[in-house]
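I have placed the structure first, in the form of structure tokens, so that the comments after it can refer back to it.
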Amino acid sequence: MSDPRRILITGANGTLGHATARYFLEKAPDCQVFLGVRERREKAESLAASHPGRAFLCPLEITQPDSWTTALSQIETESGPLSVLINNAGYHDDALLATMTLPQWSGVLDANLNAVFLGCQAAIQPMMRQRWGRIINIASLSALHSPAGQTNYAAAKAGVIGLTQSLAKETARLGITVNAVCPGHIEGALPTGWSDEQIKAVKRETPMRRFARPEEIAAVVFFLASPEASYMTGASLKLDGALV
1 MSDPRRILIT GANGTLGHAT ARYFLEKAPD CQVFLGVRER REKAESLAAS HPGRAFLCPL
61 EITQPDSWTT ALSQIETESG PLSVLINNAG YHDDALLATM TLPQWSGVLD ANLNAVFLGC
121 QAAIQPMMRQ RWGRIINIAS LSALHSPAGQ TNYAAAKAGV IGLTQSLAKE TARLGITVNA
181 VCPGHIEGAL PTGWSDEQIK AVKRETPMRR FARPEEIAAV VFFLASPEAS YMTGASLKLD
241 GALV
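Numbering-wise, full-length UniProt numbering puts 234 at position 234 of the sequence shown, and it's gapless, one number per residue.
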């Protein structure tokens, strides 16, 4: 296959998902971007409206297998089989393990790990038929350098890295690459409740003395989704300004 044409980005209304979608639309004029969203659709709707015929809303509940089936069927009917899946959606719900509730644990695992499994499983079928595909899973620096208070999130994102490495071995002969990206702190997507002093302190701890711009992460995702990244698979790329 030549240039990837049909790209599904989950969590497309969030800071990184929105920036990634915009990056593809600006850098790859021939691509079609499907914006996976559940609620809070305003940014995705605006992006779709500004790129008619190239960006499309794709209603998707990432934790529900039937929703994945419907979404990929919609994409194939409207445009053709999926070429690129970017598993970006997720959230964190931090607490110390001693006081963490079961819903806090299971909810974060469901959205950040189980949903990636469902997405990969759904995307593999059209990619196998084409014998070409790109899967990029957005993990987190928390998977590699886990902070206190994030046992659920760190476990889920570490699971994403393990899933990525194993799936890459299963699909390597089929022309399908599977990689993970592990961003550190991203401007516009910092934990809610951080004070100005906390932000300054974390920046001081970061050798680059700043956080990542969303488009810097998007640029790496863009490369991983390209034909030129054909020999890179099973990788977990740390993007943290040398924090770790």
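Glycine is no exception: its CB is placed at the ideal position from the N, C-alpha and C atoms.
Since the structure is predicted, the reported quantities are computational estimates derived from the model, not experimental observations.
Cβ shell of residue i (< 8 angstroms), same chain only, five flanking positions each side left out
{"i": "A242", "result": "T206, P207, M208"}
{"i": "K203", "result": "R209, R210, F211"}
{"i": "P214", "result": "T15, L16, H18, A19, T20, I186, E187, G188, A189"}
Sub-8 angstroms separation of residue i and residue j beta-carbons
{"i": "K20", "j": "N112", "result": "Looking at the sequence provided, one finds Thr at residue 20 rather than Lys. No. Outside cutoff."}
{"i": "I136", "j": "A12", "result": "no"}
{"i": "A154", "j": "S142", "result": "yes"}
{"i": "V178", "j": "I217", "result": "no"}
{"i": "W132", "j": "I161", "result": "no"}
{"i": "residue 246", "j": "R6", "result": "Limits of the chain in this structure are 1 at one end and 244 at the other, which puts residue 246 out of reach."}
{"i": "residue 305", "j": "L118", "result": "The first residue shown for the chain is 1 and the last is 244, placing residue 305 beyond what the model contains."}
{"i": "L163", "j": "V116", "result": "yes"}
Own chain residues within Cβ distance below 7 angstroms of residue i, not counting five before or after
{"i": "Q104", "result": "D93, A95, N152"}
{"i": "A219", "result": "Y23"}
{"i": "R40", "result": "N13"}
{"i": "H48", "result": "Strictly speaking, residue 48 in this sequence is Ala, with His absent from that position. L35, A55, F56, L57, listed in sequence order."}
{"i": "A172", "result": "T233"}
{"i": "L144", "result": "C182, K238, V244"}
Endpoints, beta strand (DSSP E) assigned at residue i
{"i": "R134", "result": "133–138"}
{"i": "Q32", "result": "32–37"}
Residue i - containing alpha helix (DSSP H), residue span
{"i": "V178", "result": "Looking at the DSSP string, V178 is not in any alpha helix (DSSP H); the run it does join, the beta strand (DSSP E), is 176–183."}
{"i": "V108", "result": "102–109"}
{"i": "P59", "result": "Note, P59: premise wrong, no alpha helix (DSSP H); beta strand (DSSP E) at 55–59."}
{"i": "R204", "result": "196–205"}
{"i": "S67", "result": "65–78"}
{"i": "V221", "result": "214–224"}
Neighbourhood of residue i by C-beta distance below 6 angstroms, restricted to the same chain and skipping five residues each side
{"i": "H185", "result": "F211"}
{"i": "Q150", "result": "D94, S142"}
is_contact[residue i, chain C] using C-beta, thresh 8 angstroms
{"i": "A155", "result": "Protein chain content of the structure displayed is limited to a single chain, and chain C is not contained in it."}
Touching by the beta-carbon criterion (3+ pairs, under 8 angstroms), the region 28–44 and the region 52–67: yes
The region 122–130 in contact with the region 77–86 per 3-pair CB rule at 8 angstroms: yes
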